[in-house]
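I have placed the structure first, in the form of structure tokens, so that the comments after it can refer back to it.
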Amino acid sequence: MEEETGKLLLAIARRSLNTYLVEQRQYEPDLKALPDALRRPGASFVTLYACDRLRGCVGSVEPYLPLALDVAQNAIAAAARDPRFRPVTCDELPMLHLSVTVLTPLQPLVYENESDLRHKLRPGIDGVLITWYSRRSVLLPQVWERLPDPETFLLALTEKAGIPCAELAAQPPTINVFTFAAESCEEDEYA
Numbered sequence: 049m050e051e052e053t054g055k056l057l058l059a060i061a062r063r064s065l066n067t068y069l070v071e072q073r074q075y076e077p078d079l080k081a082l083p084d085a086l087r088r089p090g091a092s093f094v095t096l097y098a099c100d101r102l103r104g105c106v107g108s109v110e111p112y113l114p115l116a117l118d119v120a121q122n123a124i125a126a127a128a129r130d131p132r133f134r135p136v137t138c139d140e141l142p143m144l145h146l147s148v149t150v151l152t153p154l155q156p157l158v159y160e161n162e163s164d165l166r167h168k169l170r171p172g173i174d175g176v177l178i179t180w181y182s183r184r185s186v187l188l189p190q191v192w193e194r195l196p197d198p199e200t201f202l203l204a205l206t207e208k209a210g211i212p213c214a215e216l217a218a219q220p221p222t223i224n225v226f227t228f229a230a231e232s233c234e235e236d237e238y239a
């Protein structure tokens, strides 16, 4: 992603977050004033960190909205609707650090068995979405930094979705797997 595009996305995420927490309203960027790339449909995740610890991360895996609007909405969702955390408060704003990740379209990954799946995953490159009936989970490519082993990465995905890990070994495969690439940008230290 171009540096200028990244800066614009971070500014949109930050303004959306501030407007929501301080003014209790949603911020909608003026699409007419933005470059074409931010007006086209895009899928993104916004991640919040407080003191270098995850504080919220919510996103979309398929492009439904213009990218700028998707980022603005995901910033609010990361602060208010990540079920793993209590909602972010206005008092936390000074210590929050934001990251925006823009996803490429999902690509189905066909695999024969668990071993084949582990070998087809590209650590550090692939973001992964898995589905099993109505359950699903996603891990962004940057999660490979914490979980560099494909087996551990897959177990984290199943655990996150509440999918029995035995389903990874099911024959024929019962878990649908999709991969995507992503580009991220993050704020310089914010205070």
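Using the working numbering, the final residue of the sequence shown is 239, and nothing's skipped along the way. Ideal placement from N, C-alpha and C gives every residue a C-beta, glycine not left out. Remember, it's a predicted structure, so these values are computed and weren't measured experimentally.
Rounded to whole angstroms, the gap between the alpha carbons of residue 186 and residue 105 is 11 Å. Note: residue 231 is bridge-paired with 150 in the DSSP secondary-structure output.
In the three-state scheme derived from DSSP, where H, G and I count as helix and E and B as strand, residue 98 is classed as strand. Per DSSP, reduced to three states, the secondary structure at residue 69 is helical. Here the stretch 90 to 106 makes contact with the stretch 117 to 128; the two share three or more CB pairs at distances below 8 Å. Put simply, the stretch 130 to 149 touches the stretch 61 to 78. At least three CB pairs are less than 8 Å apart. By the criterion of a C-beta distance shorter than 8 Å, residue 76 is surrounded in its chain by 117, 120, once the five residues flanking it on both sides are discounted. If you ignore the 5 residues before and after residue 66, its C-beta comes within less than 7 Å of the C-beta of 141, all in its own chain and listed in chain order.
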